[in-house]
Amino acid sequence: FALAASFVGPVLPFLPAMAENVGFEFEGPTSIGKSSLMRSIASVWGPPTDLLGTWDTTAAGLETSMSTCDGTLFILDEASRAKKVLTQELVLKLADGKSKVRYGNPAGHAMRYCFFSTSNLSLDRATVTTQSERDAMMVRMPSIPARRSEHGILDQLGKGSRSAGEDIAKFTRRVERNY
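Rendered as structure tokens:
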């Protein structure tokens, strides 16, 4: 699903009925491969290390990052780094895709992309306090559970592998080398 959704960005301008950008959060226990999954989908658009953003930002900082992803994919890894008071504002800004009106740019700039996030605890549960706030977050960025299984996020181990960690490390090296 994540790999297929990473190709949505270029199609969004042709879907006028979709007023907002599409976003998804992969949430689950630590060390099961969520960040590795993000690196793999980032590799669709370039070097994964250059394309993974952080939640440790301000609204203005987020706008700058958003503008570099117009028409592609936007990834924010490790939502636990988000400032609780800003999280809902940042999710709404990601979904809206518009820059703030500024001198010389009175209309703002509309950006279209598919966005992803990872977290150990769903952002709507970790940061919002009312049901209406929670609903607003979930409509714009539904949470997809990434549950720990015998092999982390992998269904099975590769031939000759001893652990999911070994397979994920191999996979990550290949993705970063062959994006």
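Under my numbering, think of the first position of the sequence shown as 61, with each following residue one higher. Glycine included, each C-beta is placed from N, C-alpha and C at the ideal position. Remember, predicted model here, so these are calculated numbers, not experimental data.
*asked:* With distance defined between alpha-carbon atoms, name the residue in Gly220, Ser179, Lys160 nearest to Ala170.
replied: Within the sequence shown, numbered from 1, the residue matching residue 170 stands at position 110. Selected option, being the one with the closest Cα: Lys160.
*Within the same chain, show all residues whose beta-carbon is closer than 8 Å to that of Glu85, passing over the 5 residues directly before and after it, in chain order.*
What you label residue 85 is simply residue 25 of the sequence shown in a count that begins at 1. Taken in chain order, the residues that qualify are Ala139, Phe176, Ser177, Thr178, Ser179, Ser182, Leu183, Met201, Pro202, Ser203, Ile204.
*When burial is assigned at 16 or more other CB atoms within 10 Å of the CB, is Leu63 buried or exposed?*
In the sequence shown, the residue the question calls residue 63 occupies position 3. Looking at its Cβ environment, which holds fewer than 16 other Cβ atoms inside 10 Å, Leu63 is exposed.
_Assuming Glu210 is part of the beta strand (DSSP E), what are its boundary residues?_
One-based indexing of the sequence shown puts residue 210 at position 150. Looking at the DSSP string, Glu210 is not in any beta strand (DSSP E), and its letter there is neither H nor E.
_Of the listed residues Phe67, Gly69, Pro70, Gly93, nearest to Glu210 (C-alpha basis)_ = The count along the sequence shown starts at 1 and reaches residue 210 at position 150. The shortest C-alpha separation from Glu210 is found at Gly93.
_Length of the line joining the Cα atoms of Met197 and Arg141_ = The residue you call residue 197 lines up with position 137 of the sequence shown. The residue you call residue 141 lines up with position 81 of the sequence shown. Approximately 17 Å, taken between the alpha carbons.
_Assuming contact is defined by CB atoms lying nearer than 8 Å, are Leu122 and Ala102 in contact in what I supplied?_
For this step, residue 122 is matched to residue 62 along the sequence shown. For this step, residue 102 is matched to residue 42 along the sequence shown. When the beta-carbon positions are compared, Leu122 and Ala102 stay at least 8 Å from each other.
*Could you check where the alpha helix (DSSP H) with Leu112 kicks off and where it finishes?*
Looking up residue 112 in the sequence shown gives position 52. In the DSSP assignment, Leu112 falls outside any alpha helix (DSSP H) and lies within the beta strand (DSSP E) extending over 112-114.
*Near Asp116, what residues of its chain come up, given a Cβ to Cβ distance below 7 Å and the 5 sequence neighbours on each side ignored?*
Reading the sequence shown from its first residue, position 56 is the one you call residue 116. Closer than 7 Å at the Cβ level, and outside the excluded window around Asp116, lie Arg141.
*Looking at the structure shown, is Asp130 part of a helix, part of a strand, or coil, going by DSSP?*
By 1-based counting over the sequence shown, the position of residue 130 is 70. Coil.
*Looking only at C-alpha atoms, which of Ala229, Leu111, Ile213, Leu75 sits nearest to Glu87?*
In the sequence shown, residue 87 corresponds to position 27, counting from 1. From the listed residues Ala229, Leu111, Ile213, Leu75, the smallest Cα separation to Glu87 is found for Ile213.
*asked:* Within a Cβ cutoff of 7 Å, which residues of the same chain sit near Trp105, ignoring the five residues on either side of it in sequence?
replied: Residue mapping note: residue 105 aligns to position 45 of the sequence shown, counting from 1. If the five residues before and after Trp105 are omitted, its C-beta is found closer than 7 Å to the C-beta atoms of Leu111, Thr132, Leu133, all from its own chain and listed in chain order.
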